[in-house]
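Input: a single structure, listed below in structure tokens.
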Amino acid sequence: MSGKPMPDRLVLLGSKGGPALRPGGPWPSSSLLEIGGRTIVVDCGLGVTRGLVDAGGSLKALDLIFITHLHSDHVLELGPLLHTAWTAGLATPVNVFGPAGTGHYWRRFCQAMEFDIEIRIVDEGRPDIRELISISEFGEGQVVEQGGLKVTALRVDHPPVTDCFALRFEHGGKSVVFSADTAFFPPLADFAEGADILVHEAMLEEGIERLVARTGNGARLREHLLASHSFAEEAGRIATDAGVKRLVLNHIIPADDPGIGEADWIDAVRKTWVGDLTIARDGLVVELSSRKAAQGEGTA
Numbered sequence: 357m358s359g360k361p362m363p364d365r366l367v368l369l370g371s372k373g374g375p376a377l378r379p380g381g382p383w384p385s386s387s388l389l390e391i392g393g394r395t396i397v398v399d400c401g402l403g404v405t406r407g408l409v410d411a412g413g414s415l416k417a418l419d420l421i422f423i424t425h426l427h428s429d430h431v432l433e434l435g436p437l438l439h440t441a442w443t444a445g446l447a448t449p450v451n452v453f454g455p456a457g458t459g460h461y462w463r464r465f466c467q468a469m470e471f472d473i474e475i476r477i478v479d480e481g482r483p484d485i486r487e488l489i490s491i492s493e494f495g496e497g498q499v500v501e502q503g504g505l506k507v508t509a510l511r512v513d514h515p516p517v518t519d520c521f522a523l524r525f526e527h528g529g530k531s532v533v534f535s536a537d538t539a540f541f542p543p544l545a546d547f548a549e550g551a552d553i554l555v556h557e558a559m560l561e562e563g564i565e566r567l568v569a570r571t572g573n574g575a576r577l578r579e580h581l582l583a584s585h586s587f588a589e590e591a592g593r594i595a596t597d598a599g600v601k602r603l604v605l606n607h608i609i610p611a612d613d614p615g616i617g618e619a620d621w622i623d624a625v626r627k628t629w630v631g632d633l634t635i636a637r638d639g640l641v642v643e644l645s646s647r648k649a650a651q652g653e654g655t656a
């Protein structure tokens, strides 16, 4: 190890919207934000642990975790991530921030894993994971400010979920905003004003009908998607109104349609956004210190 500080970066660990998995397809929502020496995970959909390790992240260096809302594709692997980090040697506190109900999830997870936790404490001499992890439930407004890092939250429009929050991270003059799951929500533009990166969810209209056609409850799914999520063009409008430096389309719906490629996403968002653009893929890295995607390019 050189001891040099790692460059600030965003890693899209899981890029698809929704919990379903298909062979060879992308994983649900999770991101790694390394900024100002902090190791921050945003959302913990299925696959976050594997994605974090593959991205070169150290499980023992987990610092802060933020959950935008409690849909399963954003929180399902929170407990397993923390438990796996603990078995990997985590011995320093981890602060988890999430909406109301996050503490309930964590307590029930620890109850479900009580046998394993107690055995490892006695047999392997590990610290009590229940004392290492602190859960803070937040609402709209300032979430945390410490060591030069400031995090604020904005309640967005994701019915029927009422506690769903966009998050803005600021450190050393750099800022990254995550839209969370939301329908088109104009106040988000003010919240994201001037950000270096806006990570915004996106749907592609022509893919929605094929998606619902292969789903058992297609009519209800269509109703939910149209009421609770944003089309790529709408994400572009928010980015334009906010004057951000780069737009990253993430939480892609549909993410695994063979008839849809990156060019389709670019064509859609270019109707409303002319600035720097990244279309998310699992494992793609965006450097905060430059204006390009560092790996996998994904830039248009």
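In the working numbering, the protein residues as written are 357 to 656. Think of the CB as a built atom: it goes at the ideal place given N, C-alpha and C, for glycine as much as any other residue.
#1: Are Leu446 and Lys416 closer than 8 Å when you measure CB to CB?
#2: Return helix, strand or coil for Glu390, following the three-state DSSP convention.
#3: Leu581 and Ile609 - do their beta-carbons sit closer together than 8 Å?
#4: Output the distance between the C-alpha atoms of Pro543 and Ala522, rounded to the nearest integer angstrom.
#5: Assuming the contact rule is C-beta atoms closer than 8 Å, Ala598 and Ala558 should be a hit. Round their C-beta distance to whole Å, please.
#6: Kindly indicate the opening and closing residues of the beta strand (DSSP E) around Thr508.
#7: Helix, strand or coil, according to DSSP, for Arg637 in the structure here?
#8: Alpha carbon to alpha carbon, what distance is there between Arg365 and Val641?
#9: Please state the DSSP three-state secondary structure of Glu470.
#10: Less than 6 Å between C-beta atoms, sequence neighbours within five positions excluded: which residues of the same chain meet that for Asp623?
#11: Leaving out five residues on either side along the sequence, give the residues of the same chain with a beta carbon under 6 Å from the beta carbon of Ile635.
#12: Could you tell me the distance, in whole angstroms, from the CA atom of Ala509 to the CA atom of Phe422?
#13: Apply the 10 Å Cβ neighbour rule to Arg378 and answer buried if 16 or more other Cβ atoms are within range, or exposed otherwise.
#14: Could you name each continuous beta strand (DSSP E) segment of 3 residues or more that falls completely within the stretch 570-639, going from the start of the chain to the end?
#15: Check whether the Cβ atoms of Asp612 and Arg566 sit closer than 8 Å, and answer yes or no.
#16: Excluding the five sequence neighbours on either side, which residues of its own chain have a C-beta within less than 7 Å of the C-beta of Trp389, listed in chain order?
#17: To the nearest angstrom, how far is it from the Cα of His439 to the Cα of Arg394?
#18: With a threshold of 16 other CB atoms inside 10 Å of the CB of Glu433, please say whether the residue is buried or exposed.
#19: Among Arg576, Lys506 and Val555, which has the Cα closest to the Cα of Ile564?
#20: Helix, strand or coil: which one does DSSP assign to Ile423?
#21: With a cut-off of 8 Å, do at least 3 Cβ pairs link the stretch 547-555 to the stretch 477-497?
#22: Does the separation of the CB atoms of Ile473 and Cys466 fall below 8 Å?
#23: Using the three-state DSSP reduction, which class does Gly435 fall into: helix, strand or coil?
#24: What distance in whole Å lies between the Cβ atoms of Ser371 and Asp537, which are believed to be in contact at a cut-off of 8 Å?
#25: Residues in the same chain with beta-carbon distance under 7 Å from Met362, minus the five sequence neighbours each way, listed in chain order, please.
#26: Would you identify the three-state DSSP class for Glu526, choosing helix, strand or coil?
#27: Could you tell me the distance, in whole angstroms, from the CA atom of Glu480 to the CA atom of Thr448?
Taking the structure as given:
#1: The answer is yes: Cβ separation under 8 Å.
#2: Glu390: strand per DSSP, three-state reduction.
#3: Taking 8 Å as the cut-off, the beta carbon of Ile609 is found closer than this to the beta carbon of Leu581.
#4: Distance between the alpha carbons of Pro543 and Ala522: 11 Å.
#5: In this structure Ala598 does not touch Ala558 by the C-beta definition: roughly 15 Å separates them, more than the 8 Å allowed.
#6: Taken as a continuous stretch (DSSP letters only), the beta strand (DSSP E) holding Thr508 covers Leu505 to Arg511.
#7: Here Arg637 carries a coil assignment [DSSP, helix/strand/coil].
#8: Cα to Cα, Val641 sits roughly 7 Å from Arg365.
#9: Glu470 falls in the helix class under three-state DSSP.
#10: Leaving aside the five residues that flank Asp623 on each side, none in its chain has a CB nearer than 6 Å to its CB.
#11: Closer than 6 Å at the Cβ level, and outside the excluded window around Ile635, lie Leu605, Glu618, Trp621 and Gly654.
#12: For Ala509 and Phe422, the distance between alpha carbons rounds to 11 Å.
#13: When all chains shown are included, Arg378 counts as exposed.
#14: Here the runs fully enclosed are 602-609 and 632-635.
#15: Contact check for Asp612 against Arg566 fails: the beta carbons are separated by 8 Å or more.
#16: The displayed chain sequence assigns Leu, not Trp, to residue 389. Excluding sequence neighbours, Leu389 sits near Leu366, Ile396, Val398, Phe525 and Val532.
#17: Using only the alpha carbons, I get a separation of about 20 Å.
#18: For Glu433, the number of other beta carbons within 10 angstroms of its own is at least 16, and it is reported as buried.
#19: Looking from the CA of Ile564, the closest CA among Arg576, Lys506 and Val555 belongs to Arg576.
#20: Of the three classes helix, strand and coil, the one that applies to Ile423 here is coil, per DSSP.
#21: Between the stretch 547-555 and the stretch 477-497, the count of Cβ pairs shorter than 8 Å is below three; the stretches do not touch.
#22: Yes. Within cutoff.
#23: DSSP places Gly435 in helix when its eight states are reduced to three.
#24: Going by Cβ atoms, the distance from Asp537 to Ser371 rounds to 14 Å, so no, they are not a contact pair.
#25: Around Met362: Glu390.
#26: Three-state DSSP puts Glu526 in a strand.
#27: The straight-line gap from Cα to Cα measures roughly 17 Å.
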